[in-house]
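Numbering (this note's numbering), first residue to last: 14 to 207. Cβ atoms here follow ideal geometry from the backbone N, Cα and C, with glycine treated the same way. The structure presented is a predicted model; accordingly, all values stated were derived computationally and were not measured. Below is one structure, written out as structure tokens; the observations come after it.
Encoded structure:
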């Protein structure tokens, strides 16, 4: 079975990280939070400490990775972008056609400078579009955009939609609708882009 990994750095947006983990696990997906700190405890942008499932050095390799997920938040996105081992992993995963998801500032701050969004349709938190466009991303104002193996979302209010889109991509529309309906989200009204 493949696993998914969501990366946590100090300053991450709590809603974007925890909603995704919760919804993916409800769908039966194997997903772990990974701290890029030396300890499992990572403090979110709003002062909420979260204990990650593991720290970076405890993961022997990411060869079994299905999804690599970057929540947004500031300075969380900047901290992810400055962690060279994660950047190398994201580039290699993208080159292999692996699934990558990022929300809020992370598409522009983490993925775009690595060339992962070059020529891709994507979205981001308002104010980060120029940063993404300078690296060849085709930015749109939309809650969630899927372009091939890349899923991007624009911010905290879209966190559930983002997570349900990952579930839809991983498990199919029926599973996404099942989970969304159980959460009273009603995903049959959702519009998936691209």
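Query	Result
The region 43-63 / the region 104-120 touching (three or more Cβ pairs under 8 Å)	no
Secondary structure of residue 180, DSSP reduced to three states	helix
Those runs of the beta strand (DSSP E) which lie wholly inside the region 141-176 and span at least 3 residues	157-160 and 163-166
Cα-Cα separation, residue 87 to residue 170	16 Å
Proximity winner among 196, 194 and 184, relative to residue 41 (alpha-carbon distances)	184
Coil, strand or helix - residue 63 by DSSP	strand
Complete beta strand (DSSP E) runs within the region 81-144 (minimum length 3 residues, chain order)	112-116
Alpha helix (DSSP H) segment containing residue 186, residue limits	186-195
Proximal residues to residue 196 (C-beta, below 6 Å), its chain only, five neighbours per side dropped	none
Assigned exposure category for residue 137 - 16 Cβ within 10 Å defines buried	buried
When 17, 178, 174 and 33 are compared against residue 161, the one with the closest alpha-carbon	178
For residue 1, the three-state DSSP class (helix, strand or coil)	With the chain represented from 14 up to 207, any question about residue 1 goes unanswered, as that position is not in the structure.
Residue(s) in a DSSP beta bridge with residue 78	16
Inter-stretch contact (C-beta, 8 Å, three-pair minimum) for the region 69-85 and the region 128-135	no
Contact the region 117-125 vs the region 137-151: 3+ CB pairs below 8 Å	yes
Beta-carbon gap between residue 26 and residue 168 smaller than 9 Å	yes
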